[in-house]
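Note sheet for the following structure.
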Amino acid sequence: MQIVRSVTRMQKLALKLKKQGKTIALVPTMGALHKGHLELVARAFRMADITVVSIFVNPTQFAPHEDFSRYPRNLALDCKLLRPLGVDIVFHPQPQDIYPTGFDTYVVPEKIATILDGESRPSHFKGVDTVVLKLFNIVQPDFAVFGRKDLQQSVVIKQMVKDLNVPVKIVVAPTVRDADGLALSSRNAYLSVDARRRALVISRSLFAARQLVLSGERNTAKIRNFVRRQLVKDAKADVDYVSVADAETLAELRRISGKIAISLACRIDGVRLIDNVVLKVG
Ligand code: AMP
């Protein structure tokens, strides 16, 4: 497993591999890897000749008041987790290499970036799209694997790839959870024991909402309220949003039909957590 830090070297290496006819799968991450990331890596490994994992805490997707500087970073441990999975290349650039002095071009998603997470994090998806397109240009992947845990992110990226004719196939892998239901996230490390216990309400309320839908409930307002009440009452959470939307477009629904996503974002003791369930209604 090679660790490549230079953008130029990574791009040269990728172009050489492509010339040799190799296919490349990329898993973009911010490091602090957990089993959720490792599932994406296993998926990438099965898909292409060369597996590349990028580890880059992307400054442009954090607002000034957010947790960029305290975001957990541990390259040595991440590499230890990746080595046994057959990863070929870990791409670990520095911010000044991705955004050198004079950097002046961004990818700006429009409507899709104004709702849900985009509403409380206004420039977040601009940072995401920009770094993802840069990573695609540097790593030259045929496939890129993302997690459904960040559902809106995957929708924003698919839209960018479609709109800008980017020749990369986007693969979205299911959310990996702890045994008690909490979706794995690098940010779970910020939770105190008590906050983590209350955070279990997130997945529990989503699973219960899914059950309501499966038992025939079709009124989306009722479902949103049902989830929100539990978050406020049982988790003492500050709710950013609870959404019942079309799973492909994330447009809010009045009545349930087709493939839907029930998703939420909330803060528990100041830690912002997101989660969702996706289901198909006949
Ligand atoms: P991050 O490093 O947290 O930005 O995430 C890197 C990738 O891992 C993104 O595509 C996330 O959606 C994905 N991911 C994060 N947590 C999980 C999880 N619990 N299950 C599946 N994928 C995840």
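Just so we're aligned, residue 1427 is where the sequence shown starts under the working numbering, counting upward by one.
Built from N, CA and C at the ideal position, the CB exists for glycine as well.
| query | result |
| --- | --- |
| heavy atom of ligand 1 below 7 angstroms from D1576 C-beta | yes |
| Distance between beta carbons of V1478 and D1514, contact taken as under 8 angstroms | 7 angstroms |
| 6 angstroms Cβ shell around G1544 - same chain, five flanking residues per side excluded | F1551 |
| Residues of its chain near H1460, where Cβ-Cβ distance is below 6 angstroms and the 5 sequence neighbours each way are ignored | L1610 |
| heavy atom of ligand 1 below 7 angstroms from M1456 C-beta | yes |
| Nearest-angstrom Cα separation, counted from A1635 out to F1652 | 7 angstroms |
| Own chain residues within Cβ distance below 8 angstroms of V1433, not counting five before or after | P1519, D1523, I1524 and I1564 |
| Continuous beta strand (DSSP E) stretch holding R1698: start and end | V1697 to V1707 |
| Other residues of its chain near P1521: CB distance less than 7 angstroms, five sequence neighbours each side excluded | P1485 |
| Inter-residue spacing [alpha-carbon to alpha-carbon] between I1649 and V1554 | 30 angstroms |
| V1665, enclosing beta strand (DSSP E) - first and last residue | D1664 to D1672 |
| K1560, enclosing alpha helix (DSSP H) - first and last residue | H1550 to V1565 |
| Of the residues Q1487, V1516 and F1471, the one placed nearest V1403, counting alpha carbons only | For the chain, the structure presents residues 1427 to 1708; residue 1403 sits outside this window and is missing. |
| Own chain partners of L1464 with C-beta closer than 7 angstroms, once the 5 adjacent residues on each side are dropped | L1507 and L1511 |
| L1452: first and last residue of the uninterrupted beta strand (DSSP E) it sits in | I1450 to T1455 |
| Best match in T1675, M1436 and V1697 for proximity to V1619 [C-alpha to C-alpha] | V1697 |
| Beta-carbon separation (whole angstroms), T1601 vs G1642, contact threshold 8 angstroms | Not quite, the Cβ-Cβ distance comes to about 25 angstroms (not below 8 angstroms), so this is no contact. |
| Completely contained alpha helix (DSSP H) runs for the stretch 1572 to 1626, where each covers 4 or more residues | 1577 to 1589 |
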